[in-house]
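Asks:
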DNA sequence: TTAATAGTGTCTCTTAGACATTATGTG
DNA sequence: CACATAATGTCTAAGAGACACTATTAA
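Residue numbers (the working numbering), protein chains in the order written: chain R, 112 to 366; chain D, 112 to 366.
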């Protein structure tokens, strides 16, 4: 480092942006807010906001999440990739983890902004509430946001951020029990399988999937209850177990 | 976001910190620099420095890396986790990727500093050259840095950052060909195996390892040459192939 | 020669993947 | 009844792990 001289390094604004993912009607969806002001006025963007002086990055992300959706965040052992998170699902809070940081000099035309993106995985939620200066908010299938044909593309570099978040979710459910973060506190094996199918965009064999997840120690904990909310024969209800590492990983079919 | 008002959000300093890893004498080592000034004067720290106005985060990390080690960086498709990197090893540049961002309000007593940590994997290098304001630099086994018995712990939150970087490297070599980034441009199967053994701290069966890496299409490309630099029977030399995803992953023994 | 590492072969056991069958609810 | 989904079972091919053996150099 160069000798400490505050005037020697320029001021940055630091924001958090949120990639909030959920599974709705068999499709992976992300939360988008409509920008009420310039630049990119009227276009869709990821929710986010400035980090305050007295809060750390994860707190800022959790605060923005609460402001936009009312969701409580369940932080994954700080923002660190090496943390030892508790069980992903089974609680009322959404899973939150740091994703990546974006700091190209011209990513915001107003000033130099470094954005620390966070990834949130949540069960299917009621319609989002518009918060702050956003004149609207919606859940949109990620394909609609990444390859928009009707509307304008996402503001700033948010398409890139969203793509990175989706890729993180897709790869991480392969070797962790993170997929349970998309499920409510109690869920069936079939519901969990539909999460994998929606996130990966593939069809999985229900019989092999059932054998796999119920045979992995610590992955699922039966609650004793059953449900018929999916129709057909009553299915056992499970909570997410403590195991967060799937060994061997859940294998994604090759196309 | 709240309406744009530069006075409404506080100024931050943004730095990059580097976790530079290499394998020396069968041990995973990290680059540490001695701080020449307060705070933490005289203690060891990770190399790093302030991000300049005209550069993005990866450029800042590559510049600091060159200043501290003379290494050229081989960026992994930007800083994004979703990038499609080229072959990891086989070139002269070190592998560089964004690790995570650390922004606790009190992590630097002088001012609010948000640090975007980067991970660098490099082949065994000559002794580092001290650069900038660092009054010394060395390669140290990571255990010495993380559980120091003789000296003071790493400055700031750098122990946490280093631990996160090590964990990232340990997990990523399992399902990618990233381990070749620790090797020189041409290397033998035995040399690659010693990388895995040093990073994971385990012993691997040389015969099964050989079958695994040579049997994975696109992982290794024979150069035609041989070497006896490890002693014993001459070994074939390989370059890193283009395949970056190991399917199935390289399995780490359970201790 | 010994000592070192490189490289190939063989066996077993686990498991992913494909697919059949039975179980238990609702309309 | 038909029809949905849940849950368990069977078979096969592939691969991980354990381990024996041969090959080729240097000292």
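Using N, Cα and C, we set each Cβ at its ideal position, and we do this for glycine too. Since this is a predicted model, take the numbers as computed values, not measurements.
Using CA atoms only, rank isn't needed, just tell me which of D:151, D:298 and D:262 is closest to residue 339 of chain D.
Replies: Position 228 of the second chain holds residue 339 of chain D. When each option's Cα is compared against that of residue 339 of chain D, the closest is D:298.
Asks: Could you check the C-alpha separation between residue 305 of chain R and residue 178 of chain R for me, to the nearest Å?
Replies: Your numbering for residue 305 of chain R matches position 194 in the first chain. Your numbering for residue 178 of chain R matches position 67 in the first chain. Spanning the two alpha carbons is a distance of roughly 29 Å.
Asks: Check the DSSP bridge columns for residue 228 of chain R and list the partner residues they point to.
Replies: Taking the first residue of the first chain as 1, we reach residue 228 of chain R at position 117. Partner(s): R:128 and R:211.
Asks: Would you verify that the beta carbon of residue 209 of chain D is, or is not, closer than 8 Å to some beta carbon of chain R?
Replies: Counting from 1 along the second chain, the entry for residue 209 of chain D is found at position 98. With respect to chain R, the C-beta atom of residue 209 of chain D has a partner C-beta closer than 8 Å.
Asks: Expressed to the nearest angstrom, what Euclidean distance is found between the alpha-carbon atoms of residue 129 of chain D and residue 173 of chain R?
Replies: Here the question's residue 129 of chain D lines up with position 18 in the second chain. Here the question's residue 173 of chain R lines up with position 62 in the first chain. Spanning the two alpha carbons is a distance of roughly 27 Å.
Asks: Would you identify the three-state DSSP class for residue 206 of chain D, choosing helix, strand or coil?
Replies: Working through the second chain from its first residue, we reach residue 206 of chain D at position 95. The answer is strand: DSSP assigns residue 206 of chain D an E or B state.
Asks: In this structure, how does DSSP classify residue 144 of chain R when only helix, strand and coil are distinguished?
Replies: Residue mapping note: residue 144 of chain R aligns to position 33 of the first chain, counting from 1. Strand at residue 144 of chain R.
Asks: By DSSP, does residue 263 of chain R sit in helix, in strand, or in coil?
Replies: For the purposes of this step, residue 263 of chain R is taken as residue 152 along the first chain, with counting starting at 1. Correct three-state label for residue 263 of chain R: coil.
Asks: Looking only at C-alpha atoms, which of R:344, R:314, R:155 and R:321 sits nearest to residue 248 of chain R?
Replies: On the first chain, residue 248 of chain R is found 137 positions in, with the first residue counted as 1. Comparing Cα-Cα distances from residue 248 of chain R to each of R:344, R:314, R:155 and R:321, the minimum goes to R:155.
Asks: How about residue 126 of chain R and residue 159 of chain R: do their beta carbons lie closer than 8 Å?
Replies: Translated into positions along the first chain, residue 126 of chain R becomes position 15. Translated into positions along the first chain, residue 159 of chain R becomes position 48. Judged by beta-carbon spacing, residue 159 of chain R lies within the 8 Å limit of residue 126 of chain R, meaning their Cβ atoms are closer than that value.
Asks: Beta strand (DSSP E) containing residue 354 of chain D: first to last residue?
Replies: Counting from 1 along the second chain, the entry for residue 354 of chain D is found at position 243. Per DSSP, residue 354 of chain D belongs to no beta strand (DSSP E) and is neither H nor E.
Asks: Check whether the Cβ of residue 223 of chain D lies closer than 8 Å to any Cβ atom in chain R.
Replies: Position 112 of the second chain, counted from the start, is the residue given in the question as residue 223 of chain D. True, the Cβ-Cβ gap to chain R drops below 8 Å.
Asks: Just mark residue 229 of chain R as buried or exposed, buried being the case when its beta carbon has 16 or more other beta carbons within 10 Å.
Replies: To locate residue 229 of chain R, count along the first chain from 1; it is residue 118. Looking at its Cβ environment, which holds 16 or more other Cβ atoms inside 10 Å, residue 229 of chain R is buried.
Asks: Shortest alpha-carbon distance to residue 331 of chain D belongs to which of D:344, D:349, D:223 and D:153?
Replies: Translated into the one-based positions of the second chain, residue 331 of chain D becomes position 220. Measuring from the Cα of residue 331 of chain D, the nearest candidate turns out to be D:349.
Asks: Looking at chain D, which residues of the stretch 121–145 of chain R have a Cβ within less than 8 Å of any of its Cβ atoms?
Replies: 121, 122, 123, 124, 125 and 126
Asks: Which residues of chain D have a Cβ atom closer than 7 Å to the Cβ of residue 167 of chain R, listed in chain order?
Replies: Against the first chain, residue 167 of chain R aligns to sequence position 56. Simply 214, 215 and 216.
Asks: Opposite residue 337 of chain D in the DSSP bridges: which residues?
Replies: The residue given as residue 337 of chain D occupies position 226 in the second chain. BP columns for residue 337 of chain D point to D:347.
Asks: If the cut-off is 7 Å on Cβ atoms, which residues from the stretch 340–359 of chain R count as contacting chain D, listed in chain order?
Replies: Here the close residues number zero.
Asks: Measure from the alpha carbon of residue 231 of chain R to the alpha carbon of each residue in R:265, R:328 and R:291, then state which is nearest.
Replies: As a working note, residue 231 of chain R is residue 120 in the first chain. That would be R:291, whose Cα lies nearest to the Cα of residue 231 of chain R.
Asks: Report the option in R:132, R:131, R:309 and R:143 whose CA atom is closest to the CA atom of residue 262 of chain R.
Replies: The sequence position of residue 262 of chain R within the first chain is 151, counting from 1. When each option's Cα is compared against that of residue 262 of chain R, the closest is R:143.
Asks: Let me see if you follow: with CB-CB separation under 8 Å, is residue 327 of chain D close to chain R or not?
Replies: Here residue 327 of chain D refers to the residue found at position 216 when the second chain is read from its first residue. Interface criterion not met: the Cβ of residue 327 of chain D is under 8 Å from no Cβ in chain R.
Asks: State the Cα-Cα distance for the pair residue 162 of chain D and residue 226 of chain D, rounded to the nearest angstrom.
Replies: For the purposes of this step, residue 162 of chain D is identified with residue 51 of the second chain, where counting begins at 1. For the purposes of this step, residue 226 of chain D is identified with residue 115 of the second chain, where counting begins at 1. Roughly 9 Å separates the two Cα atoms.
Asks: Taking 7 Å as the cut-off, is the beta-carbon of residue 288 of chain D closer than that to any non-hydrogen atom of the ligand GDP?
Replies: No copy of the ligand GDP appears in this structure; indeed no ligand is present at all.
Asks: In whole angstroms, what separates the C-alpha of residue 265 of chain D from that of residue 235 of chain D?
Replies: Along the second chain, read from residue 1 onward, the residue named residue 265 of chain D stands at position 154. Along the second chain, read from residue 1 onward, the residue named residue 235 of chain D stands at position 124. Their backbone Cα atoms lie some 22 Å apart in a straight line.
Asks: Does DSSP put residue 331 of chain R in a helix, in a strand, or in coil?
Replies: Walking along the first chain from the start, residue 331 of chain R turns up at place 220. If DSSP states are grouped into helix, strand and coil, residue 331 of chain R belongs with the strands.
Asks: Can you confirm whether residue 227 of chain D, when its beta carbon is compared against all beta carbons of chain R, has any partner nearer than 8 Å?
Replies: Position 116 of the second chain, counted from the first residue, corresponds to residue 227 of chain D. Chain R, which has a Cβ nearer than 8 Å to the Cβ of residue 227 of chain D, makes this yes.
Asks: Determine, using beta carbons only, whether residue 306 of chain D comes closer than 8 Å to chain R.
Replies: The count along the second chain starts at 1 and reaches residue 306 of chain D at position 195. False, the Cβ-Cβ gap to chain R never drops below 8 Å.
Asks: For residue 182 of chain R, which residues of its own chain have a beta-carbon under 7 Å away from its beta-carbon, when the five flanking residues on both sides are left out?
Replies: What you label residue 182 of chain R is simply residue 71 of the first chain in a count that begins at 1. Excluding residues within five positions, the ones whose Cβ falls inside 7 Å are 176, 205 and 233.
Asks: Alpha carbon to alpha carbon, how far is residue 270 of chain D from residue 333 of chain R? Give it in angstroms, no decimals.
Replies: The sequence position of residue 333 of chain R within the first chain is 222, counting from 1. The sequence position of residue 270 of chain D within the second chain is 159, counting from 1. Near 39 Å, if we compare the C-alpha coordinates of residue 270 of chain D and residue 333 of chain R.
Asks: Under 8 Å between C-beta atoms, does residue 162 of chain R make it to chain D?
Replies: Indexing the first chain from 1 puts residue 162 of chain R at position 51. It does: the Cβ of residue 162 of chain R has a partner Cβ on chain D nearer than 8 Å.
Asks: In whole angstroms, what is the alpha-carbon distance linking residue 185 of chain D and residue 170 of chain D?
Replies: Start at 1 with the first residue of the second chain, and residue 185 of chain D comes out as number 74. Start at 1 with the first residue of the second chain, and residue 170 of chain D comes out as number 59. Near 11 Å, if we compare the C-alpha coordinates of residue 170 of chain D and residue 185 of chain D.
Asks: Can you grab the Cα-Cα spacing for the pair residue 267 of chain D / residue 224 of chain D, in whole Å?
Replies: Taking the second chain and counting its residues from 1, one reaches residue 267 of chain D at position 156. Taking the second chain and counting its residues from 1, one reaches residue 224 of chain D at position 113. Rounded to the nearest angstrom, the two C-alpha atoms are 11 Å apart.
Asks: Hey, quick one: how far does the beta strand (DSSP E) through residue 184 of chain D stretch, first residue to last?
Replies: Stepping through the second chain from its first residue, residue 184 of chain D is reached at position 73. It spans 184–186 - the beta strand (DSSP E) in which residue 184 of chain D sits, taken as one unbroken run.
Asks: Which one of D:284, D:218 and D:308 has the shortest CA to CA distance from residue 167 of chain R?
Replies: Residue 167 of chain R sits at position 56 when you count from the first residue of the first chain. Cα-wise, what sits closest to residue 167 of chain R is D:218.
Asks: In chain order, what residues of the same chain have a beta carbon less than 8 Å from the beta carbon of residue 308 of chain R, not counting five sequence neighbours either side?
Replies: For this step, residue 308 of chain R is matched to residue 197 along the first chain. If we look at residue 308 of chain R and ignore the five residues flanking it on each side, its Cβ neighbours are 137, 314 and 315.
Asks: Flag this pair as yes or no: are the beta carbons of residue 273 of chain D and residue 141 of chain D separated by less than 8 Å?
Replies: Here residue 273 of chain D is taken as the residue at index 162 of the second chain, counted from 1. Here residue 141 of chain D is taken as the residue at index 30 of the second chain, counted from 1. Against a cut-off of 8 Å, the Cβ pair of residue 141 of chain D and residue 273 of chain D comes out as a contact.
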